[in-house]
Amino acid sequence: MKRFPLIALLLAGLFLAACSGAPTLDASSDEALNASLTAMAEELSTEKKEQLAGSMLLLGMKGAFSGKEGAAVFAEYDGWTAEELVAEGRKLAAQSKE
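Mapped onto mature numbering (1 follows the signal peptide of the UniProt record, and there is no 0), the consecutive letters of the sequence shown carry residue numbers -17 to -1, 1 to 81.
Structure representation (structure tokens):
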């Protein structure tokens, strides 16, 4: 019963993120990946663009080291917003420092 509020909060957050209209990553092809990253960047400040670029570099290295190529490197992040990608990049950076 204690988990219900947490689950409800997570679902509400996912719902709001889905309805936010923020551009998301499209990793269906190399062209779609580039177009979606461009759309994301257009809405970001310079600082956020730099954070997104750094995160994409880290996420790309993670995918490349697993033997993937092209847009497939980012397939697991398909549908993620810039904010989610930056958060995941920070998480990877923190793990690499440990």
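All C-beta atoms in this analysis are idealised placements derived from N, C-alpha and C, irrespective of residue type, glycine included. None of the values given here were measured: they were computed from a predicted structure.
- When only Cα atoms are considered, Thr29 and Trp63 end up about 20 Å apart.
- The beta-bridge partner set that DSSP reports for Thr64 consists of Thr7.
- With respect to Asp13, Ala54 sits close: the two C-beta atoms are nearer than 9 Å.
- With respect to the 9 Å criterion, Gly46 and Ala65 are not classified as neighbours on the basis of their beta carbons.
- Residues Val56 of the same chain have their beta carbon placed closer than 6 Å to that of Gly43, with the five preceding and five following residues left out of the count.
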